[in-house]
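The block underneath contains the structure these notes are about, expressed in structure tokens.
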Amino acid sequence: MRKNKLLYLAMGVAGVGLVDSLYLSWIKLAHAVCAGIGDCDVVNTSAYSEIYGIPIALLGAGCYIAILLLLGLDLRGGRWQEVSPLAVFGFSLAGVLYSLYLTWIEVAVLKATCPYCVLSAVALVVLLILSIIRLRAAEKESE
Amino acid sequence: MAKRQKPPTSKKQSTSWWVYLGFILIAVLIAWVLIRSYQSPDIVPASVEDSYREFPRGMTDEGFPYLGSLEAPLTLTIYEDFGCTNCKQLFEGVEPALLGSYVASGEVLLVVYTMAFVNSQSLPAAEAVECAREQDKFWEYRYVLFTHQGTNAFTRDNLINWAELLGLDRKAFANCFDQARYRSKVLTQSQISYQFGIQVTPTIELAGLRYEGWLPFDSDNPDQPGLHQIIEQALEKGKP
Chain A
2 MRKNKLLYLA
12 MGVAGVGLVD
22 SLYLSWIKLA
32 HAVCAGIGDC
42 DVVNTSAYSE
52 IYGIPIALLG
62 AGCYIAILLL
72 LGLDLRGGRW
82 QEVSPLAVFG
92 FSLAGVLYSL
102 YLTWIEVAVL
112 KATCPYCVLS
122 AVALVVLLIL
132 SIIRLRAAEK
142 ESE
Chain B
7 MAKRQKPPTS
17 KKQSTSWWVY
27 LGFILIAVLI
37 AWVLIRSYQS
47 PDIVPASVED
57 SYREFPRGMT
67 DEGFPYLGSL
77 EAPLTLTIYE
87 DFGCTNCKQL
97 FEGVEPALLG
107 SYVASGEVLL
117 VVYTMAFVNS
127 QSLPAAEAVE
137 CAREQDKFWE
147 YRYVLFTHQG
157 TNAFTRDNLI
167 NWAELLGLDR
177 KAFANCFDQA
187 RYRSKVLTQS
197 QISYQFGIQV
207 TPTIELAGLR
217 YEGWLPFDSD
227 NPDQPGLHQI
237 IEQALEKGKP
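Sequences listed follow chains A and B, in order.
When the first sequence is numbered by my numbering, its final residue is 144 and no position is left out of the sequence of numbers.
When the second sequence is numbered by my numbering, its final residue is 246 and no position is left out of the sequence of numbers.
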């Protein structure tokens, strides 16, 4: 039961992250202006906002979709229950490391803060923590 | 039956640690590849540098950088400020089409007039781009400034690091910037153009007319023509 709660919580967080990165992707691709506070436009139009022409917000959206798929497969049970937490751990760890770098770029290079980017970074940190909790719970179960 | 339910515990744990380690290494590798992709020295994409190299470039008799043929029938002057977000919008949204069409065809000569009056970011950026011009990288450095525009982005360290990433002589650039070699020039040209009625950036001057603020390249609205329509009209008028 607790395991399912953690899973649904992770799905909720990944859902928030997906909506957030899809919004940033739309802003980038449609050359629209960000809503709300902060310097989202500065960050989202900077040289760091894309890699080889691909908006990094779109990469983020892809990461959240992959995490959501893995969490969904976990619900189906079977072998996915073993693979999914590990794969989610891997995806969210890569995401957290990359987000740390991007946050440093915001603070140290661009001197601008994008609240939507910070939200995505926080979502990835929460997903990483949840995946570690789930992995530890699975370890205990197997013992 | 009992054997199948109790696999050796120690062996299972050691295997799972290897799996964890593998996933951690893969995650670190992915993040590293993504981060490394920014650290290539092409702070200006090669395609952009190539597009600037396609055109003749130099300084007008009045001392402003130009791109395109001096024989062009039209001269389009952009009055811009690196602290101005609409200038960035014009630079990103309109200029590539302008360069690719009218400047490439030799019909328009593009002249840029740098001003420094919008905010605290304007002056250091305007001075820095002049220092880059000394080393024949005005257009490339201008690209870097617009793509890095942000609140307090134009610090001394950033401006010098970007120059180095562009392949400029770091020491010479730093000397030029630290000595404020072009401060009086930038301030004077800002003051003069302001007195001549350039009080909004960007302002586009073409065939004796001024267009204030950002405007699209193409527009379907005849009351608010885009730059494309304005240039076409000017070219049409200039025909014998």
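Built from N, CA and C at the ideal position, the CB exists for glycine as well.
Rounded to whole angstroms, how far is the Cβ of residue 104 (chain B) from the Cβ of residue 223 (chain B), which I believe are closer than 8 Å? 7 Å
Of the choices B:109, B:173, B:210, B:71, whose alpha-carbon is the least far from that of residue 144 (chain B)? B:71
Nearest-angstrom Cα distance between residue 1 (chain A) and residue 56 (chain B)? Nothing can be reported for residue 1 (chain A), as the shown portion of chain A is limited to 2 through 144.
Under 7 Å, do residue 62 (chain A) and residue 100 (chain A) count as touching if we go by C-beta distance? no
In the region 99-131 of chain A, which residues sit with their C-beta less than 7 Å from some C-beta in chain B, listed in chain order? 99, 102, 110, 111, 112, 113
Just confirm the distance between the C-beta atoms of residue 216 (chain B) and residue 209 (chain B), as a whole number of angstroms; I'd bet it's less than 8 Å. 6 Å
Classify residue 81 (chain B) as helix, strand or coil using the three-state DSSP reduction. strand
For a test of the three-state rule: what should DSSP assign to residue 83 (chain A), helix, strand or coil? helix
Output yes if chain A places a C-beta closer than 7 Å to the C-beta of residue 24 (chain B); else output no. no
Under the assumption that residue 94 (chain A) contacts residue 129 (chain A) (Cβ atoms under 8 Å), give the Cβ distance between them as a whole number of angstroms. 6 Å
Tell me the rounded alpha-carbon separation between residue 47 (chain B) and residue 162 (chain B). Confidence at residue 47 (chain B) is low in this model, with a pLDDT of 47, below 50, so the placement of that residue is unreliable and no value is reported for it.
So, is the C-beta of residue 95 (chain A) closer than 7 Å to a C-beta in chain B? yes
Could you check the C-alpha separation between residue 18 (chain A) and residue 228 (chain B) for me, to the nearest Å? 43 Å
Given the structure, does residue 134 (chain A) come close to the ligand GDP, in the sense that its CB is under 6 Å from one of the ligand's heavy atoms? No copy of the ligand GDP appears in this structure; indeed no ligand is present at all.
Taking beta-carbon pairs under 7 Å, can you tell me which members of the region 137-159 of chain B lie near chain A? 153, 154, 155, 156, 157, 158, 159
Inter-residue Cα distance where the pair is residue 150 (chain B) and residue 84 (chain A): 44 Å
Quick test of your reading: residue 174 (chain B) and residue 141 (chain B), contact by CB under 8 Å. State the CB separation rounded to the nearest angstrom. 5 Å
Locate the alpha helix (DSSP H) running through residue 149 (chain B), then write down its first and last residues. 144-153
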